[in-house]
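The next block holds one structure in the form of structure tokens; read it before the comments.
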Amino acid sequence: MQYDEYEKKRMFLVAKRILLCIARNRAERIERIDFNMSLNHDLGLDGDDFDDFFKDINRSIRIDWTSFNFKEYFNEEGDLTLWRGLFLFCHLPLVLLSSILNQVLKLFRIDTVLNLAYRPSYFNKNKKPFTVADLILTAYSGKWKNFLSPSLPVEAELKSWQNDFKNRFERKRRRKK
Numbered sequence: 008m009q010y011d012e013y014e015k016k017r018m019f020l021v022a023k024r025i026l027l028c029i030a031r032n033r034a035e036r037i038e039r040i041d042f043n044m045s046l047n048h049d050l051g052l053d054g055d056d057f058d059d060f061f062k063d064i065n066r067s068i069r070i071d072w073t074s075f076n077f078k079e080y081f082n083e084e085g086d087l088t089l090w091r092g093l094f095l096f097c098h099l100p101l102v103l104l105s106s107i108l109n110q111v112l113k114l115f116r117i118d119t120v121l122n123l124a125y126r127p128s129y130f131n132k133n134k135k136p137f138t139v140a141d142l143i144l145t146a147y148s149g150k151w152k153n154f155l156s157p158s159l160p161v162e163a164e165l166k167s168w169q170n171d172f173k174n175r176f177e178r179k180r181r182r183k184k
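Numbering follows the numbering used here, in which position 105 of the sequence shown is assigned residue number 112; successive positions increment by one, without gaps.
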């Protein structure tokens, strides 16, 4: 599909809002968000988190989700079987250890992140991936469509914006120190 300059500019603005919502709701750094990342597999969006995330998006962008089948992409809140519950119970000490070590390293001003924390992607393997590009194209069109291998015409501009955003953030952070 060909887009004119006005449509590209509009898609760029929509994509920026989506990326900011992802960064805010999933605590992900903007420059690390890739358009092929899956919201459910890579970012661990599931259950009530999905609802909170899309309420945030709907504040600025109206999307018609009537044809969207939630269960194809996401698990419902509290959807745990015995084996999943046992996995979480065994994994809890690693999560606590990771959190404690991160706090100790922060005391020594070491910016290493030990990510032993549980990522729900283990449970989403039977679900279809819901990519960031799918969400951007859905927000741009205003309603859910099942996009096949979406490509964004403004991907290069968005990558440049992500890097600029990171640089501005780092400059502000350095000034505060």
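No residue lacks a Cβ here, since even glycine has one placed at the ideal position from N, Cα and C.
Closer than 7 angstroms: residue i CB and nearest the ligand COA heavy atom
i, result
"Glu84", "Questions concerning the ligand COA fall outside what the structure shown contains, since it holds no ligand whatsoever."
Sequence-distant residues of its chain with Cβ nearer than 7 angstroms to residue i (five each side left out)
i, result
"Glu164", "Phe19"
"Ile68", "Val21, Arg24 and Ala146"
"Trp72", "Trp151"
"Ala124", "Because Ala124 carries a pLDDT of 46, less than 50, the predicted location of this residue cannot be relied on, and the following value inherits that uncertainty. Around Ala124: Val102 and Ser105."
Close Cβ partners of residue i (< 8 angstroms) along its chain, the five nearest in sequence each way excluded
i, result
"Ser158", "Ala140"
"Ser74", "Lys150, Trp151 and Lys152"
"Ile70", "Phe61, Ile64, Thr145, Ala146, Gly149, Lys150 and Trp151"
Beta-carbon proximity list for residue i, same chain, < 6 angstroms, skipping 5 on both sides
i, result
"Leu46", "Leu52 and Phe137"
Residues bridged to residue i [DSSP beta-bridge criterion]
i, result
"Lys150", "Asp71"
"Ser45", "Thr138"
Contact under 8 angstroms by Cβ, residue i with residue j
i, j, result
"Cys28", "Asp63", "yes"
Distance between beta carbons of residue j and residue i, contact taken as under 8 angstroms
i, j, result
"Asn170", "Glu38", "6 angstroms"
"Glu35", "Gly54", "No, Glu35 and Gly54 are not in contact; Cβ-Cβ is about 18 angstroms, not under 8 angstroms."
Hey, is the region 46-59 in contact with the region 169-180, meaning 3+ C-beta pairs nearer than 8 angstroms?
-> no
Do three or more CB pairs link the region 70-86 to the region 100-110 at distances below 8 angstroms?
-> Short answer: they don't touch.
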